[in-house]
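Taking it in order: structure first as structure tokens, then the write-up.
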Amino acid sequence: MIKKKDKIFLAGHNGMIGSAILKKLKEKGYKNILTIDRKKLDLRNQVDVFNYFKRKKPKATIIAAAKVGGIYANNKYKGDFIFDNLSIQNNLIHGSFKNKIRNLIFLGSSCIYPKHSKQPIKESYLLGGPLEITNESYAIAKIAGIKLCESYNIQHGTNYKCLMPANSYGPGDNYDTYASHFFPANIKKLYFLKKNKKSKAVIWGTGKAKRELIFSEDVADACVYFLNKKIKETIVNIGTGHDMSIKKYIQFIAKKLNMDVEIKFDSSKPDGMPRKVLDISLAKKYGWKSKTSLSDGFMKTLVDFKKNIHKY
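Numbering (the working numbering), first residue to last: 5 to 316.
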């Protein structure tokens with residue numbers, strides 16, 4: 005059991021999910037949260053990470069640190085995605101184990117599942133078929149992290165849990181033109197089209213691919229909730245259980261921005277996985293479910309986007 009005064013090391017606290025977890029931990033009354041900027045600790049450096057654990061002696065680790073991106077970045081920088089993520093997670097997971105930290109949350113992604121997986125996707129479908137090629141390197145790294153946690157649980161009796169969120173969005177998201185995911189990328193695209201009084205939008209892919217979205221604060225809530233749970237399974241899907249086509253998401257954004265837009269889909273660009281909606285029955289069995297509607301989550305995200313628009 006993690007007590008409110010126990011040290012919790014949160015890796016990746018400046019990212020969209022990490023910052024939401026930090027906020028949630030504070031809301032729940034945790035008093036001793038350890039964070040460190042990447043300039044002071046390169047999580048790819050095993051010696052430095054191990055020494056950090058040895059000095060700080062946390063009781064639990066939450067891994068929200070990762071190299072992430074959308075289809076373009078995943079496909080173009082395959083080597084960086086697999087090396088950086090393997091290095092980061094191996095150092096944090098093994099470093100935790102070497103320093104007798106028995107409680108750990110590892111955040112993965114729904115892209116770990118096969119490209120043509122049955123829908124909705126159950127945790128048991130992992131390794132049941134080929135991955136989507138455009139994010140294969142990232143997915144393989146995450147799968148390795150899951151199997152590392154699972155193996156330590158079996159061999160050493162640790163309480164290492166891997167949460168697999170659906171496509172996440174929220175305040176602090178990445179809006180980089182080439183490195184962002186589809187939802188923030190199209191929020192930015194449509195917002196500036198309206199601002200520049202343009203009415204035509206060209207969207208990557210056919211628009212037919214279906215995706216499930218989950219708000220970052222809900223992912224954070226799941227992390228804190230499962231931190232103190234002793235469960236039989238290593239992997240738990242975290243989502244809403246609902247999905248829509250990319251086309252419908254674009255129409256949703258346009259409606260929320262009060263704009264009329266002519267949408268053209270560029271089918272020469274990849275769709276990625278044809279559909280991704282998670283089976284969330286296991287999370288529900290343990291008493292957790294998402295709370296934020298797409299409409300509410302979008303409005304909170306839009307407020308943050310406008311507040312930081314100078315960065316984009």
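All C-beta atoms, glycine included, are put in the ideal place defined by N, C-alpha and C.
On the premise that residue j lies in contact with residue i, defined as a C-beta separation below 8 angstroms, what is that separation, rounded to the nearest angstrom?
i: THR65; j: ILE105; result: 6 angstroms
i: THR162; j: ASN78; result: Their Cβ separation, rounded to whole angstroms, is 30 angstroms, which puts THR162 and ASN78 out of contact at 8 angstroms.
i: ASP270; j: VAL206; result: 6 angstroms
i: LEU38; j: ALA170; result: So it is not a contact: roughly 28 angstroms between Cβ atoms.
What is the DSSP secondary structure of residue i, reduced to helix, strand or coil?
i: ARG59; result: helix
i: LEU111; result: strand
i: MET303; result: helix
i: THR162; result: coil
i: LEU130; result: coil
i: MET168; result: strand
i: LYS11; result: strand
i: TYR173; result: strand
i: THR65; result: strand
i: ASP270; result: strand
i: ALA205; result: strand
i: LYS288; result: helix
i: LYS214; result: strand
Taking C-alpha atoms, which residue in the options lies nearest to residue i?
i: SER249; options: LYS280, CYS227, LYS311 and PHE110; result: LYS280
i: PHE3; options: LEU90, LYS43, PHE110 and ILE144; result: Only positions 5 to 316 of the chain appear in the structure, and residue 3 is not among them; the question remains open.
i: TYR1; options: ILE25, ILE40 and ARG42; result: Past the boundaries of the shown model lies residue 1; the chain is included only from 5 to 316, so the question cannot be answered.
i: TYR253; options: SER128, LEU298, GLU136 and ILE239; result: LEU298
i: LYS310; options: PRO188, TYR229, LYS233 and SER272; result: PRO188
i: LYS27; options: LYS295, THR244, GLY291 and VAL228; result: VAL228
i: TYR290; options: LEU135, ILE239 and ILE37; result: ILE239
Determine the direct distance from the alpha carbon of residue j to that of residue i, and round the result to whole angstroms.
i: PHE186; j: GLY19; result: 17 angstroms
i: ASN312; j: HIS160; result: 45 angstroms
i: LYS119; j: ILE125; result: 11 angstroms
i: ALA183; j: ASN190; result: 12 angstroms
i: LYS30; j: ILE21; result: 14 angstroms
i: PRO175; j: VAL307; result: 8 angstroms
i: GLY112; j: LYS151; result: 12 angstroms
i: LYS204; j: LYS44; result: 44 angstroms
i: LYS193; j: LEU167; result: 30 angstroms
i: ASP10; j: ASP177; result: 29 angstroms
i: THR181; j: MET5; result: 42 angstroms
i: PHE196; j: TYR179; result: 12 angstroms
i: MET303; j: GLY149; result: 34 angstroms
i: ALA2; j: ILE284; result: Past the boundaries of the shown model lies residue 2; the chain is included only from 5 to 316, so the question cannot be answered.
Within the present structure, is the beta-carbon of residue i separated from the nearest heavy atom of the ligand FMN by less than 7 angstroms?
i: GLU140; result: Annotation note on the ligand FMN: not contained in the displayed structure, which lists no ligands.
Would you check if there are 3 or more beta carbon pairs closer than 8 angstroms linking the segment 254-269 to the segment 217-229?
no
Using 8 angstroms as the threshold, is the segment 141-160 in touch with the segment 274-290, meaning 3 or more CB pairs across them?
no
For the segment 73-81 against the segment 41-50, are there 3 or more C-beta pairs whose distance is under 8 angstroms?
no
I want to know whether the segment 140-151 touches the segment 82-102 - three or more CB-CB distances under 8 angstroms.
yes
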